[in-house]
Amino acid sequence: MPVPENYAVSECLRDGRRVKIRSLRPDDEDDMLAAISRTGSQSLQRRFFVPKRSFSEKEVAFFMNIDFAKHVALVALADEDGREVIIGGGRYVVAASGVAEIAFVVIDDYQGQGVATLLMHHLIILARTTGLKQIVAEVLPENAAMRKIFSKFGFHKRGGGDPRIICLVLPL
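So the sequence shown is numbered by the numbering used here: it starts at 8 and just counts up by one.
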């Protein structure tokens with residue numbers, strides 16, 4: 008059974024490049040912030056639903072303080088000029104008993120290469136092994152790429168809520 012805090016696998020992107028999917032670590036903060044700075048404003052708005060270019064100390068602390076029980080985060084790393092750098096990340100946060108909310112961000116240069124699909128696959132593995140019963144995702148209607156990924160994994164639309172946001176659910 009995989010242990011979330013020690014999770015690490017090697018995968019291939021659609022173009023054949025190798026990536027590592029692994030648990031977020033406390034020493035990843037600088038690299039995570041560098042990845043955010045390489046992510047376009049539209050991509051960040053699709054992830055956070057508001058224009059975003061920087062994060063408060065409180066927000067950074069939330070993203071980095073992972074307990075791997077109620078808050079699980081994975082990063083995707085690629086080799087760039089001989090150095091591993093974060094190119095994307097995904098996480099789920101337990102919102103209620105057996106239910107977690109999931110979200111992703113991938114830097115623009117790597118979008119369309121399967122990074123979010125790989126992160127989703129491995130987060131679902133971890134969610135199942137920890138006994139979660141359902142994963143919920145919120146996505147903006149114009150984010151067709153993420154809606155396609157969620158659909159591929161079997162998420163279905165749940166009605167109600169904010170009409171400007173699509174709520175998707177995956178029973179585990």
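Glycine is no exception: its CB is placed at the ideal position from the N, C-alpha and C atoms.
Rounded to the nearest angstrom, the Cβ distance from Tyr99 to Ile114 is 20 Å, too far for a contact under 8 Å. Note on the segment 27–52: there is no whole beta strand (DSSP E) run with a minimum of 3 residues. Going by DSSP, Glu64 is part of the alpha helix (DSSP H) stretching over 64–71. Around the Cβ of Gly166, a 10 Å sphere holds fewer than 16 other Cβ atoms; the residue is exposed.
If you compare the alpha carbons of Val82, Ile173, Thr136, Leu179 with that of Ala15, the shortest gap goes to Val82. Looking at the DSSP output, Val16 shares a beta bridge with Ile28.
Sixteen is the threshold: since fewer than 16 other Cβ atoms of the shown chains lie within 10 Å of the Cβ of Phe69, the residue is exposed. Counting of Cβ neighbours within 10 angstroms places Asp35 among the buried residues, the total reaching 16 or more. Distances from the alpha-carbon of Ala76 to those of Ala85, Phe62, Ala102 put Ala102 closest. Val79 and Arg21 have their C-alpha atoms roughly 25 Å apart. With fewer than 16 other CB atoms across the displayed protein chains lying within 10 angstroms of its CB, Ile172 is exposed.
Taking C-beta atoms as the reference points, Ala42 and Ile93 count as a pair closer than 7 Å. Contact between Leu177 and Gln120 does not hold, since the beta-carbon distance rounds to 23 Å and is not under 8 Å.
With respect to the 7 Å criterion, Pro11 and Leu133 are classified as neighbours on the basis of their beta carbons. Counting along the chain, the unbroken beta strand (DSSP E) around Ile173 starts and ends at 173–178.
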